Structure formats: structure tokens, C-alpha cells
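Residue numbers (this note's numbering): 57 to 173.
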């Protein structure tokens with residue numbers, strides 16, 4: 057099984073999700089560098105850009121994430137996702153070889169689903 061591609065990857069985040077409050081957060085436990093995350097997602101057709109000196113953003117029609125690394129090397133993600141696509145994000149990270157945990161939250165910041173690999 058090869059590296060997955062993303063359907064609608066070349067489109068910006070769907071307007072239905074653009075105004076949502078952050079509903080996805082997670083950790084790439086393997087300490088993957090944010091620049092590598094942006095590069096790998098960009099190679100799959102996601103739109104990526106530098107958000108600051110050390111953080112990046114990546115976007116597709118169904119997800120937008122900010123990727124940042126803490127001082128101790130933990131790589132964090134957060135932003136918005138189409139709620140029914142949380143499994144797709146987890147599968148994508150797993151197929152890229154990144155151990156991770158991602159959480160989907162509702163509008164009241166209650167965790168409604170968690171995926172780990």
C-alpha cells in the first residue's frame with residue numbers, strides 16, 4: 057500500500073469549515089519536524105505555507121492544520137477538520153509513518169473522538 061493521496065487536495069478549505077472553531081488537535085509523537093510535515097503533505101497536493109519561523113500550515117478541502125514544535129521537540133497540530141474525516145487524517149499520518157494521537161472536539165470543546173497510531 058503506497059502513500060495515500062488526498063481527494064480534493066488542490067482545493068482550499070471548504071467554506072463550510074472555514075469559520076469553525078478549532079476542532080482538531082494532536083501530537084505527532086515521533087517528533088517529526090514541522091517543515092517535514094509541510095513538505096510531505098505538500099507533495100500529496102495539500103496547500104502548505106510557513107506560518108512563522110518554525111511553524112507551518114497545511115490545508116486541503118476537508119482539513120486545515122497548524123503544525124508547530126515545542127521546545128522539547130514534540131510536534132503539535134491543531135485547527136479545523138470536517139468532523140467525518142478525522143479517521144482519514146489519522147490514516148494519512150499512519151501511512152506516512154508518523155506515530156500520533158489526534159482528537160476531534162465538538163463546539164463545547166468536549167472530545168468526541170480520538171485516534172491513535
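Backbone N, C-alpha and C define an ideal beta-carbon position, used for all residues, glycine too. Model, not experiment: these values are computed from the prediction.
> The beta strand (DSSP E) spanning residue 147 covers which residue range?
Replying inline: Looking up residue 147 in the chain shown gives position 91. Unbroken run through residue 147 is the alpha helix (DSSP H), 142-151; no beta strand (DSSP E).
> If we ignore side chains and look at the alpha-carbon of each, how far apart do residue 70 and residue 148 end up?
Replying inline: Walking along the chain shown from the start, residue 70 turns up at place 14. Walking along the chain shown from the start, residue 148 turns up at place 92. Whole-angstrom Cα-Cα distance: 19 Å.
> Opposite residue 114 in the DSSP bridges: which residues?
Replying inline: Reading the chain shown from its first residue, position 58 is the one you call residue 114. In the DSSP output, where bridge partners are listed per residue, residue 114 has 104 and 121.
>> Could you compute how far the alpha carbon of residue 72 sits from the alpha carbon of residue 121?
In response: Here residue 72 refers to the residue found at position 16 of the chain shown. Here residue 121 refers to the residue found at position 65 of the chain shown. When rounded, the distance between both Cα atoms is 16 Å.
>> When you compare the CB positions of residue 160 and residue 137, do they come within less than 9 Å of one another, or not?
In response: As a first step, residue 160 must be located in the chain shown, where it is residue number 104. As a first step, residue 137 must be located in the chain shown, where it is residue number 81. Yes, these two residues count as a Cβ contact at 9 Å.
> Quick one, are the C-beta atoms of residue 156 and residue 101 less than 9 Å apart?
Replying inline: For the purposes of this step, residue 156 is identified with residue 100 of the chain shown, where counting begins at 1. For the purposes of this step, residue 101 is identified with residue 45 of the chain shown, where counting begins at 1. Cβ distance not < 9 Å, so residue 156 and residue 101 don't count as in contact.
> Candidates 89, 113, 93 and 78: which alpha carbon is nearest residue 128's?
Replying inline: Within the chain shown, numbered from 1, the residue matching residue 128 stands at position 72. 89 is the residue among 89, 113, 93 and 78 whose C-alpha sits nearest the C-alpha of residue 128.
>> Just to confirm my understanding: we take residue 106, look at its own chain, exclude 5 residues before and 5 after, and list those with CB closer than 7 Å. What are they?
In response: Residue 106 sits at position 50 when you count from the first residue of the chain shown. Correct list, in chain order: 112.
> Can you give the beta carbon distance from residue 131 to residue 97, rounded, assuming they're within the 8 Å contact cut?
Replying inline: Within the chain shown, numbered from 1, the residue matching residue 131 stands at position 75. Within the chain shown, numbered from 1, the residue matching residue 97 stands at position 41. Not a contact, Cβ separation roughly 13 Å.
>> Below 8 Å on the Cβ atoms is my contact criterion, and I expect residue 104 with residue 94 to pass it. Report the Cβ-Cβ distance as a whole number of Å.
In response: Counted from its first residue, the chain shown places residue 104 at position 48. Counted from its first residue, the chain shown places residue 94 at position 38. Indeed, because the Cβ distance is near 4 Å, the residues count as touching under 8 Å.
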